[in-house]
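Let me begin by presenting the structure, written as C-alpha cells, before commenting on it.
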Amino acid sequence: MPSMEHASVEALALGLQRGDFSSVELTRHLLAHQARHAGLGAFLAVNEAAALAQAQAADVRRATGQAGPLTGVPLAHKDIFVTAYPEGGLPTTAGSKMLAGYQSPFDATVVARLGAGLPGEAPGAGMVTLGKLNCDEFAMGSANENSAFGAVKNPWDLQRVPGGSSGGSAAAVAAGLVPAATGTDTGGSIRQPASFCGITGIKPTYGVCSRYGMVAFASSLDQAGPMARSAADCALLLSAMSGFDPRDATSAERPPQDFHAQMLQPRAGATAAQPLLGLRIGLPKEFFPAALAADVHGAVRNALAQLEKLGAALVDVSLPRTELSIPVYYIIAPAEASSNLGRFDGVKFGHRAAQHGDLLDMYKKTRSEGFGPEVKRRIMIGTYVLSHGYYDAYYLQAQKLRRMIADDFQACFQQCDLIAGPVAPTVAWKLGEQGGDPLQAYLADIFTLPGSLAGLPGMSVPAGTGAHAMPVGLQLIGNYFQEGQLLHAAHALQQATDWHLARPAGF
Ligand code: GLN
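Residue numbers for the sequence shown follow the working numbering, so the first one is 6 and each next one is one higher.
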C-alpha cells in the first residue's frame, strides 16, 4: 500500500476495514501532513479536535458493525458548503470577507450525507471532515486568486495557480493532504482545477446533488461534485453525497444511485481487452481550434488514442455555438449572482461596516468593504443586464442561446454516447500572470461552459502533462444522468494508464 497520504479512498477504506489502522490514526497522520504543507494555502480552516472526535465516532461505528464503505475516511469541503458550528466546529466564508467568521447553524446536505447524516435520514457515510478548503470568492474565478484569504499554490509548481474556483480542493488532493474533497462547478470549477492539478473530478447532471447549504453563486448552474485521484474514488463519494433532497426545489427526484456499481457494469458486447467496445466518443471540432495550445492538444489526443485502443470509436461532431457560451454564461451567471448576493446586506449575517450613517449608508459601506473586486464586477454586470431596457437585449437573448446550446448537445448525442475534448486551452498559468485582466480568465472557460449551460455531467480525467511538466485534463461530457457511463469510460482509461497516479514532487 502506498503511503497513507497518497493512498486512494478505496485503499484507505480497505485498510480501515482490515484493521490495518484506525480512523483516529489515519486522521492524525493526515492532519500532520496538512500542517507541514500549510504554506500551500489550500485550507482556510482546520479543526483537529472536531476531526478526531468524528474519527473516534467512525471507529466506534466500525467496531459495532455499523460502518459503511467510506466510514472513517477523511476528506475536506470547499468552503462554499456551510458546516454546522459548533458541532463540526468550522466556520464558513465562501472565500469572502463578507462572511469572515460566519458560523452556520446547519450542515449543507452534501456535508451531512458524507458525514453524520441528515436528521430523519439513515446515518451518513461517516467520513471525517478535516477542514474547509480555500476557493475563489463566492466561487467566482478560474485561478483561486479571487479568494479574500490569499491564493492557493499548485503543488506541481508553487509558482502556478491551482485553477479555480475549487482551487483549494484540487491542490489539497494533489498534495495528498486529503484523499478526496468536495467542489462545486458553476462553469467549470470542479473540472478546471482538477485538470490543472492532475486529479479526477466530476460535475454531475444539474440536480443530482442538493444545493441546500451551498452558498449560492448562479443557482441554475451551481452543482456539487467530488474531486479525488481516481474515477473509482469519485464514484464512491458521488454515491454518498447525491440523491433527492426536498430542501432543494431543483433536486432530481429519483432513487439513490450506486455510481460505483454503475462504473463497474461491463458494456454489452465488450471484452476484457476492449472494455469500451461499441462506445462512440464525439469530438466537437470547436473543442480543437487552431488556438488550442499544442501541448494540451497533444496530451488530449494521446488520451483519446488510449480510449480508441480500449475499443471506443471516435466520431466527429459539432457544437457550433461553443464560442457563444462565453458571453451567454457571463450574462446569466452574473445576473443570478447579483440577485443571490443581495442577501449580504449587513443585517442578517456576515460583515457589517463598523462606522456608518443611516440604513442606506450601512448597506453601501458593508457591501463596499465586504466584497472583492471580481464579485463587485459581477454584481454590476448582473444588475445591468437585468435592468429595464437591457433585459431583452442581453438576458433574454442569453436565455434563448442557452436553450440552443443545450439543443446542440442533443444533436451530438444522436451520433455519440460521450463527448470528449480538453478541459482548458492551456496548462495552469503563473500566479499573478493574468495581471487582473478578467477577460483572459473568462475566455479560458470556453470548453467547460457549454456543458454547464446545458446542465450536463462532465469530468476531468488526468491525461499526462503538457508544457512545464504541468498536468493536462481530458474532459468527458455525458448526456443527462449518464454519470455511470462517464465514470465507466474514465475508470477503463485509468485501469489501462497511470496518469492519475502521478504525484507532484515534495509531497
Ligand atoms: N470560471 C468560472 C467563473 O469564474 C466558473 C466558476 C465556477 O464554476 N464556480 O465564473
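For each residue, glycine too, the CB sits at the ideal point set by N, CA and C.
Opposing strand residues paired with residue i [DSSP bridges]
| i | result |
| --- | --- |
| E464 | The identity of residue 464 in the sequence shown is Met, whereas the question assumes Glu. BP columns for M464 point to I207 and L481. |
| G3 | Coverage of the chain is limited to positions 6 through 512, which leaves residue 3 absent and any answer about it impossible. |
| V87 | DSSP lists no partner for V87. |
| A298 | DSSP output for A298 lists no bridge partner at all. |
| H82 | K137 |
| P476 | T470 |
Integer-rounded CB distance, given that residue j should sit under 8 Å from residue i
| i | j | result |
| --- | --- | --- |
| P462 | S200 | Not confirmed; about 16 Å, so no contact. |
| L346 | I384 | 6 Å |
| F323 | P294 | At residue 323 the sequence reads Ser, which differs from the Phe that was named. The Cβ separation is near 12 Å, so there is no contact. |
| T114 | L123 | 6 Å |
| C202 | I286 | With a Cβ gap of about 24 Å, C202 and I286 do not count as contacting. |
| G192 | L226 | 7 Å |
| A81 | A186 | 5 Å |
| T205 | P427 | About 15 Å separates the two Cβ atoms, so there is no contact after all. |
Where residue i falls, given that 16 or more other Cβ within 10 Å makes a residue buried
| i | result |
| --- | --- |
| Q228 | buried |
| E258 | exposed |
| S373 | exposed |
| H265 | buried |
| G394 | exposed |
| S546 | Limits of the chain in this structure are 6 at one end and 512 at the other, which puts residue 546 out of reach. |
| E126 | exposed |
| D141 | buried |
| M409 | exposed |
| A54 | exposed |
| A497 | buried |
| A50 | buried |
| Q360 | exposed |
| H505 | buried |
| M6 | Because M6 carries a pLDDT of 42, less than 50, the predicted location of this residue cannot be relied on, and the following value inherits that uncertainty. Result: exposed. |
| V14 | buried |
| Q419 | exposed |
| G355 | buried |
| K158 | buried |
CB of residue i within 9 Å of CB of residue j, strictly
| i | j | result |
| --- | --- | --- |
| M145 | S109 | no |
| S28 | V87 | no |
| P215 | G188 | The displayed chain sequence assigns Ser, not Pro, to residue 215. No, they are not a contact pair. |
| G136 | A56 | yes |
| G20 | A12 | yes |
| A148 | G46 | no |
| D300 | A179 | no |
| I424 | G483 | yes |
| V380 | S194 | no |
| A315 | P260 | Residue 315 is actually Leu in this sequence, not Ala. Cβ distance not < 9 Å, so L315 and P260 don't count as in contact. |
| I336 | A403 | yes |
| Y485 | T210 | yes |
| A446 | Q439 | yes |
| G456 | Q480 | yes |
| L5 | E10 | Shown here, the chain extends from 6 to 512; a query on residue 5 therefore has no answer. |
| R256 | D250 | For clarity, residue 256 is Ser in the given sequence; the question names Arg instead. Cβ atoms of S256 and D250: closer than 9 Å. |
| L436 | E150 | yes |
query = Enumerated in chain order, which unbroken segments of the alpha helix (DSSP H) with a length of 4 residues or greater are wholly contained in the region 107-165?
reply = 114-119
Contiguous beta strand (DSSP E) assignments of at least 3 residues, all confined to the region 21-74 = 48-51
message = Give the list of continuous alpha helix (DSSP H) stretches no shorter than 4 residues that lie fully inside the region 210-290.
response = 236-246 and 264-269
request  = Could I get the ranges of all uninterrupted beta strand (DSSP E) runs contained in the region 410-443, with 3 residues as the minimum, in chain order?
outcome  = 423-427
query = What are the uninterrupted segments assigned as alpha helix (DSSP H) that are 4 or more residues long and contained completely in the region 301-374, given in chain order?
reply = 330-345
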